[in-house]
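Colleague: Would you mind keeping the following structure in view while I ask a few things?
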Amino acid sequence: MMGADFSRVTVARLGEHLDEVASALEAAGHRVERPAGHGLLLVDGSVLVHDNLEADPGINWNASGRLTDLPFDRILAIARTVRTVAPVARVIAVGGHADGPLGAYVRDGDGGTVGLDTPASGFYRNGGLEVRHLGADLDHTRQLPELAARAGIPVTLVGKAADILVCGTAVRRPAVGTADVLAYTLESVRAPGDGLVVANVQETDLAGHQQDAERYGRILERTDAGLAALIGLLDRPGDRLIVTGDHGNDPTIGHAHHTREYVPVLMYRPGTSGTELLPDAPTLADVGAMAAQSLGLDTTALANGAVRTGARVGS
């Protein structure tokens, strides 16, 4: 979505890299065990390193621990070590409050994966969840935040975006709670001058994993109110608001996995009337290209993505 080239990111099960990951953790001073019959690791007797079962198989790995056993910064340190040898798109540090021992919630997933059934564990339900997403080592110099920063445009990264995007000069406002994400976003947009604000509402994803339609609905209503307030702040011809998602997560579908479909991409431009319909985009990197164009940046400097144009369909 930020114009990155993911062609070198590998889809892999943790079980295919157990020796490599275990060696890295042991070299960092951790005690590593391999529970019998499972393609995962138990680190320091309390943190599970495992396949993420909610995304497509082999895309992400998790380092999961109970916050009653150890603080989140220790879980994050383990995840950072795993990240140094992981070929996958993300390594996710997850700390929460479970209904019981994490080993009780380990199960087989699709495609030969093995991991913690995070929704079943109670992490999403019991409150106090802490999450940090560690992205792959991409050419960040050719992504939208770095392009904007080099052009002298202030960059603010809110929510999950603060975890996974690299931009040396960016203001980072990490958060999971939707109220915090929206508050930080509105605060950033109110700041004088131009700027790029990238914000991620994550709780809809968590509610989908939890299969909690009522919670999902409440978050959507809260987000709608935040968007209305945000639109009220955009009054200059060059202002843009782009709203989209990287996947679906149906809270009524009967499983905890992401869903894959064409997601809508909505762009608001103040002072315009009517509706313009853009063609289907082959990649979400086109979102980054359109944002770059709105900021007056060279879109060809992005590693991926192209500007899409369409036809007016209403007044």
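Per the numbering used here, the very first residue in the sequence shown carries number 448; after that it's consecutive. Glycine is no exception: its CB is placed at the ideal position from the N, C-alpha and C atoms. As the structure is a prediction and not an experimental result, all values here were calculated from the model.
Buried or exposed for residue 573, please, with buried defined as at least 16 other CB atoms from any protein chain shown within 10 angstroms of its CB.
Modeller: The residue given as residue 573 occupies position 126 in the sequence shown. Label assigned to residue 573: exposed.
Colleague: Could you tell me which uninterrupted alpha helix (DSSP H) segments, each at least 4 residues in length, are contained entirely in the region 559–611, listed from first to last along the chain?
Modeller: Those alpha helix (DSSP H) runs which fall completely within the region 559–611 and span 4+ residues are 565–568, 591–597, 608–611.
Colleague: If we ignore side chains and look at the alpha-carbon of each, how far apart do residue 576 and residue 599 end up?
Modeller: Translated into positions along the sequence shown, residue 576 becomes position 129. Translated into positions along the sequence shown, residue 599 becomes position 152. Cα to Cα, the separation comes out at about 35 Å.
Colleague: Can you give me the C-alpha to C-alpha distance between residue 650 and residue 509, rounded to a whole angstrom?
Modeller: Taking the sequence shown and counting its residues from 1, one reaches residue 650 at position 203. Taking the sequence shown and counting its residues from 1, one reaches residue 509 at position 62. Cα to Cα, residue 650 sits roughly 18 Å from residue 509.
Colleague: So what does DSSP say about residue 681, is it helix, strand or coil?
Modeller: Counting from 1 along the sequence shown, the entry for residue 681 is found at position 234. Here residue 681 sits in coil by DSSP.
Colleague: Counting C-beta neighbours from all protein chains within 10 Å, is the total for residue 511 16 or more, i.e. buried, or is it exposed?
Modeller: Residue mapping note: residue 511 aligns to position 64 of the sequence shown, counting from 1. That one is buried.
Colleague: At 4 residues or longer, what runs of the alpha helix (DSSP H) sit wholly inside the region 648–673?
Modeller: The region 648–673 contains these whole alpha helix (DSSP H) runs: 650–657.
Colleague: Between the Cα of residue 568 and the Cα atoms of 656, 700, 750, 689, which residue gives the shortest distance?
Modeller: Here residue 568 corresponds to residue number 121 of the sequence shown, with the count starting at 1. Closest by alpha carbon: 656.
Colleague: Is residue 764 buried or exposed, if buried means 16 or more other CB atoms sit within 10 Å of its CB?
Modeller: What the structure shows of the chain is the stretch from 448 to 762, and residue 764 is not part of that stretch, so it cannot be assessed.
Colleague: Quick check on residue 700: does DSSP put it in helix, strand or coil?
Modeller: Taking the sequence shown and counting its residues from 1, the one referred to as residue 700 is at position 253. Three-state DSSP puts residue 700 in coil, outside helix and strand.
Colleague: What residue range is occupied by the uninterrupted beta strand (DSSP E) comprising residue 495?
Modeller: On the sequence shown, position 48 is the one that residue 495 refers to. Looking at the DSSP string, the run of the beta strand (DSSP E) that includes residue 495 is 494–498.
Colleague: Suppose the cutoff is 7 Å on Cβ atoms and the five residues either side in sequence are ignored; what does the same chain contact list for residue 637 look like?
Modeller: Mapped onto the sequence shown, residue 637 falls at position 190. Excluding residues within five positions, the ones whose Cβ falls inside 7 Å are 680.
Colleague: Using 8 Å for Cβ pairs, my map puts residue 405 next to residue 503. What's the rounded Cβ distance?
Modeller: Past the edges of the chain, shown from 448 to 762, lies residue 405, and the structure says nothing about it.
Colleague: I believe residue 691 touches residue 725 by the beta-carbon criterion, under 8 Å. Please report the beta-carbon distance rounded to the nearest angstrom.
Modeller: As a position in the sequence shown, residue 691 is number 244, starting the count at 1. As a position in the sequence shown, residue 725 is number 278, starting the count at 1. No, residue 691 and residue 725 are not in contact; Cβ-Cβ is about 12 Å, not under 8 Å.
Colleague: Can residue 621 and residue 606 be called in contact, C-beta distance under 8 Å?
Modeller: By one-based count along the sequence shown, residue 621 stands at place 174. By one-based count along the sequence shown, residue 606 stands at place 159. Yes, these two residues count as a Cβ contact at 8 Å.
Colleague: Is the distance from the Cβ of residue 493 to the Cβ of residue 465 below 8 Å?
Modeller: By one-based count along the sequence shown, residue 493 stands at place 46. By one-based count along the sequence shown, residue 465 stands at place 18. No, Cβ-Cβ distance for residue 493 and residue 465 is not below 8 Å.
Colleague: Check residue 537 in the structure and name its three-state DSSP category.
Modeller: Position 90 of the sequence shown holds residue 537. In this structure, residue 537 counts as strand in the three-state DSSP scheme.
Colleague: Which same chain residues, not among the five before or five after residue 595, have their C-beta less than 7 Å away from its C-beta?
Modeller: Numbered from its first residue, the sequence shown carries residue 595 at position 148. Contacts found: 602, 643, 742, 744.
Colleague: I'd like to confirm the pairing. Which residues does DSSP put opposite residue 689 in its beta bridges?
Modeller: Here the question's residue 689 lines up with position 242 in the sequence shown. Per DSSP, 714.
Colleague: Would you tell me roughly how many angstroms separate the C-alpha atoms of residue 549 and residue 513, rounded to the nearest one?
Modeller: Residue mapping note: residue 549 aligns to position 102 of the sequence shown, counting from 1. Residue mapping note: residue 513 aligns to position 66 of the sequence shown, counting from 1. So the two alpha carbons sit approximately 8 Å from each other.
Colleague: Pick out whichever of 475, 478, 515, 533 has its Cα sitting closest to the Cα of residue 497.
Modeller: Sequence index remark: in the sequence shown, residue 497 carries index 50 (1-based). Cα-wise, what sits closest to residue 497 is 533.
Colleague: Please look up how many angstroms separate the CB atoms of residue 527 and residue 748, rounded, as I've assumed it's under 8 Å.
Modeller: Residue mapping note: residue 527 aligns to position 80 of the sequence shown, counting from 1. Residue mapping note: residue 748 aligns to position 301 of the sequence shown, counting from 1. Residue 527 to residue 748, Cβ: 29 Å. No contact.
Colleague: Shortest alpha-carbon distance to residue 541 belongs to which of 557, 632, 523?
Modeller: Residue 541 sits at position 94 when you count from the first residue of the sequence shown. The candidate whose alpha carbon is nearest that of residue 541 is 523.
Colleague: When you compare only the Cα positions, how much space is there between residue 451 and residue 699?
Modeller: On the sequence shown, residue 451 is found 4 positions in, with the first residue counted as 1. On the sequence shown, residue 699 is found 252 positions in, with the first residue counted as 1. Those two C-alpha atoms are separated by around 32 Å.
Colleague: State the beta-bridge partners of residue 511 as determined by DSSP.
Modeller: Working through the sequence shown from its first residue, we reach residue 511 at position 64. Paired residue(s): 495, 541.
Colleague: So residue 499 and residue 562 are in contact, right, with Cβ under 8 Å, and what is the actual spacing, rounded?
Modeller: If you number the sequence shown from 1, residue 499 lands on position 52. If you number the sequence shown from 1, residue 562 lands on position 115. Yes, residue 499 and residue 562 are in contact; Cβ-Cβ is about 6 Å, under 8 Å.
Colleague: Output the distance between the C-alpha atoms of residue 676 and residue 571, rounded to the nearest integer angstrom.
Modeller: Taking the sequence shown and counting its residues from 1, one reaches residue 676 at position 229. Taking the sequence shown and counting its residues from 1, one reaches residue 571 at position 124. Those two C-alpha atoms are separated by around 28 Å.
Colleague: Are the Cβ atoms of residue 472 and residue 479 separated by less than 8 Å?
Modeller: As a working mapping, residue 472 is identified with position 25 in the sequence shown. As a working mapping, residue 479 is identified with position 32 in the sequence shown. Yes, the pair counts as a contact, with Cβ atoms nearer than the cut-off.
Colleague: Grouping DSSP H, G and I as helix and E and B as strand, with all else coil, what is residue 728?
Modeller: Along the sequence shown, read from residue 1 onward, the residue named residue 728 stands at position 281. Residue 728 falls in the coil class under three-state DSSP.
Colleague: Within this structure, are the beta carbons of residue 477 and residue 515 separated by less than 8 Å?
Modeller: Taking the sequence shown and counting its residues from 1, one reaches residue 477 at position 30. Taking the sequence shown and counting its residues from 1, one reaches residue 515 at position 68. No.
Colleague: Report the three-state DSSP secondary structure of residue 480 (helix, strand or coil).
Modeller: As a first step, residue 480 must be located in the sequence shown, where it is residue number 33. Reduced to three states, the DSSP call for residue 480 is strand.
Colleague: By alpha-carbon positions, which one of 687, 683, 662 ends up nearest to residue 674?
Modeller: As a working note, residue 674 is residue 227 in the sequence shown. Out of 687, 683, 662, 687 has the C-alpha closest to the C-alpha of residue 674.
Colleague: Would you kindly report the start and end of the unbroken alpha helix (DSSP H) that includes residue 628?
Modeller: Working through the sequence shown from its first residue, we reach residue 628 at position 181. Unbroken alpha helix (DSSP H) run through residue 628: 625–637.
Colleague: For residue 718, which of 659, 735, 678, 746 has the nearest alpha-carbon?
Modeller: To locate residue 718, count along the sequence shown from 1; it is residue 271. Measuring from the Cα of residue 718, the nearest candidate turns out to be 678.
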